[in-house]
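2 protein chains.
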Amino acid sequence: MMFTTKTEYGLRAMAVLARVKGEGPISLAQIAKKEHISQPYLERLFARLKADDLVKSAKGVSGGYLLARKPKKISIFEIVEALEGPLAVFYCLLDENTKVTCSHRECLTKKVWHELQKNIIHTLRKFTLADLI
Amino acid sequence: MMFTTKTEYGLRAMAVLARVKGEGPISLAQIAKKEHISQPYLERLFARLKADDLVKSAKGVSGGYLLARKPKKISIFEIVEALEGPLAVFYCLLDENTKVTCSHRECLTKKVWHELQKNIIHTLRKFTLADLI
DNA sequence: GATAATACCGACTAATTTGGTAGGTATTTA
DNA sequence: TAAATACCTACCAAATTAGTCGGTATTATC
């Protein structure tokens, strides 16, 4: 029950992008060096960030990555979900339905997970990339 | 970022114990059958629950497990921590200190994790085993 | 006292995830 | 044309999860 370094690396990299906003694209090589992260690993993280439309890319010389939106418009929740996949504290909550009933005999536990997950998402939505810089 | 079946199995087994409270010890074989959980796996989960003083055991024929306290006095948080280990949404929060400063350059992210973890623990402490039965 | 039921213990396995490496292709600026 | 970049695929080691197997110690009951 822990977020992995994927999230830490991703948030740090996104924070770099937020700080150099307006200066054109920044390459993964630069980010990797600045943040001491393996570049090929960063590449895969950015593939996810791009798939979720959190960053834009520019190929070729002097290419790199840019934030797709203003830092204030990118919540920590979005970054976490892009990197770690859909946030579900339990399997039975993966379908994103908000009903408390489920096929388990022990449905009462789902009430706990449901409230917990609501709190987590609320907290992660409250903070944006702008809060990190 | 998900609780595992360890927690689900453990909570279900603890709920069984809570329901048969006052009827003497119940064996793991019975619990495993009732809840369709592999018995050797359950054994290991109960080793953790016992290590954290959430259950008591009785060896020998007609032995088994009992709750160490009343269901109302056992929070979901305690059960989760017994089974999954110390709850930390991030490595830098594992030492349980409550300061927001840390050795990372990106200390601002720690503020987010810290608030998140506080919320999670608060929610898990709010619910007790009695709420599940 | 023997037996069966139980907790308890350690070694092993398969599948998955994480974090990382290596090498290549496509694109684009200079 | 060349160099810098994104982008892609395959592989690898370590850790974790969920589970199996076989054994030992203890104890109530016959």
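Chains as they are written, first to last, in the numbering used here: chain A, 1 to 133; chain B, 1001 to 1133.
Idealized CB from N, CA, C, for every residue including glycine.
Values in this document were obtained by computation on a predicted structure and should not be read as measured data.
Interface residues of chain B facing residue i [CB-CB closer than 9 angstroms]
i	result
A139 of chain A	As displayed, chain A neither begins before 1 nor continues past 133, which places residue 139 of chain A out of reach and without an answer.
L108 of chain A	A1015, D1131, L1132, I1133
L67 of chain A	Within chain B, no residue comes near L67 of chain A; the closest Cβ sits about 16 angstroms away, beyond 9 angstroms.
Option nearest residue i by Cα separation, candidates the options
i	options	result
D52 of chain A	A:F77, A:K59, A:Q30	A:F77
A18 of chain A	A:S62, A:T123, A:Q117, A:P71	A:P71
R125 of chain A	A:V89, A:H114, A:E84, A:K73	A:K73
A15 of chain A	B:N1119, B:H1122, B:L1108, B:G1022	B:L1108
S57 of chain A	A:T4, A:E115, A:I26	A:I26
I133 of chain A	B:L1087, B:V1112, B:G1063	B:V1112
Beta-carbon neighbours of residue i, restricted to chain B and to distances below 7 angstroms
i	result
F127 of chain A	V1112
I76 of chain A	V1112
Contact list for residue i against chain A, beta-carbon separation under 8 angstroms
i	result
I1120 of chain B	L116, N119, I120
Closer than 9 angstroms at the beta carbon, the chain A residues around residue i
i	result
L1028 of chain B	Going along chain A, no residue has its Cβ under 9 angstroms from L1028 of chain B, so there is no contact; the nearest lies around 18 angstroms.
Contacts of residue i in chain B (Cβ-Cβ under 8 angstroms)
i	result
L124 of chain A	V1112, L1116
*Would you check if there are 3 or more beta carbon pairs closer than 8 angstroms linking the segment 65-74 of chain A to the segment 119-129 of chain A?*
The answer is yes - the segment 119-129 of chain A touches the segment 65-74 of chain A, with three or more Cβ pairs under 8 angstroms.
*How about the segment 29-39 of chain A and the segment 1-14 of chain A: do they share at least three Cβ pairs that are nearer than 8 angstroms?*
The answer is yes - the segment 1-14 of chain A touches the segment 29-39 of chain A, with three or more Cβ pairs under 8 angstroms.
_Every unbroken beta strand (DSSP E) within the segment 1029-1081 of chain B, with a cutoff of 3 residues, ordered by chain_ = Correct list: 1055-1058, 1064-1067.
*Got a sec: which bits of the segment 44-60 of chain A sit with their beta carbon under 7 angstroms from any beta carbon on chain B, in order along the chain?*
Within the segment 44-60 of chain A, no residue has its Cβ closer than 7 angstroms to any Cβ of chain B.
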